[in-house]
Amino acid sequence: MNWILAAEGAEGGSNVLLPPTYELVIGTIAFFTIFFLLSKFALPNIRKTLEARTEAIEGGIAKAEKLQQEAATTLSQYRQNLAEAKSEAAKIRSSAESERATLINEARNEAQKAAQVVTQQANAQIEVEKTKAVNELRLDVSNLALGLAEKIVGASLSDDAKAKAVIDQFIKDLESVKGK
C-alpha cells in the first residue's frame with residue numbers, strides 16, 4: 177500500500193490511472209463479499225445444473241448409441257431375412273421348374289401311349305377292313321370267274337366242288353400273272 181501512497185505523493189496530485197484508496201478498499205471488500213455469496217449460493221446451483229445437463233447429454237449419447245446398435249442389429253436381421261426369402265424363392269422356382277418338367281414329361285408319355293393305342297386300333301381296323309375287302313374281292317372275283325367259266329365251258333357249274341376247283345384255279349392263275 178505504500179507504493180500507492182508513494183504514487184499519490186510523488187505527483188503532488190491525484191493519479192488518473194489509480195483510483196482513490198477508499199475505492200480500492202471498498203471494491204475489494206465488495207468483490208470478496210460477492211465472490212463469497214456466489215460461491216456459497218449460486219455456484220452450487222450452477223454446478224448442479226451443469227452436472228444435470230452433462231448427465232442428460234451423456235444419457236442421450238448412450239441412448240443414441242443403443243438405438244444405433246439396435247438399428248444395426250435390425251438391419252442385419254432384415255438382410256438375413258431377405259437372403260432367406262431369396263433362397264426360398266429360388267427353391268420354389270427350382271421346384272416349380274422340376275414339377276413343370278415332370279408334368280410335361282408325364283403328359284408327353286400319356287399322349288404317346290394314347291397315340292400308340294389309337295394307332296394300334298387304327299391298324300387293327302385297317303387289317304379288319306383289308307381282310308373284309310379281300311374276302312369281298314374274292315367273292316366278286318369268284319362270281320365273275322364262275323360266270324365267265326359257265327360262258328366258256330357252256331355248262332352250268334352249280335356243283336360247289338367243281339365251282340370251287342375252277343375258282344381256285346382261276347385265282348392261282350391271276351396271282352401268277354400278277355407276280356410276273
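Numbered according to my numbering, the sequence shown spans residues 177 to 356.
In this text, a Cβ means the ideal position worked out from N, Cα and C, and glycines have one as well.
Quick one: give me the first and last residue of the alpha helix (DSSP H) that residue i is part of.
i	result
V201	T197 to L213
Here's the rule: buried if 16 or more other CB atoms are within 10 angstroms of the residue's CB, otherwise exposed. What is residue i?
i	result
I343	buried
Determine the DSSP secondary structure at residue i, reduced to helix, strand or coil.
i	result
A342	Sequence inspection shows Val at residue 342; the Ala mentioned does not correspond to that position. Correct three-state label for V342: helix.
S270	helix
V192	coil
Taking Cβ positions only, does residue i come closer than 8 angstroms to chain B?
i	result
T230	The structure shown contains no chain B; it is built from a single protein chain.
### Message
Between the region 320–328 and the region 343–354, can you find at least three pairs of beta-carbon atoms closer than 8 angstroms?
### Response
Inter-segment contact for the region 343–354 and the region 320–328 is present: three or more beta-carbon pairs are separated by less than 8 angstroms.
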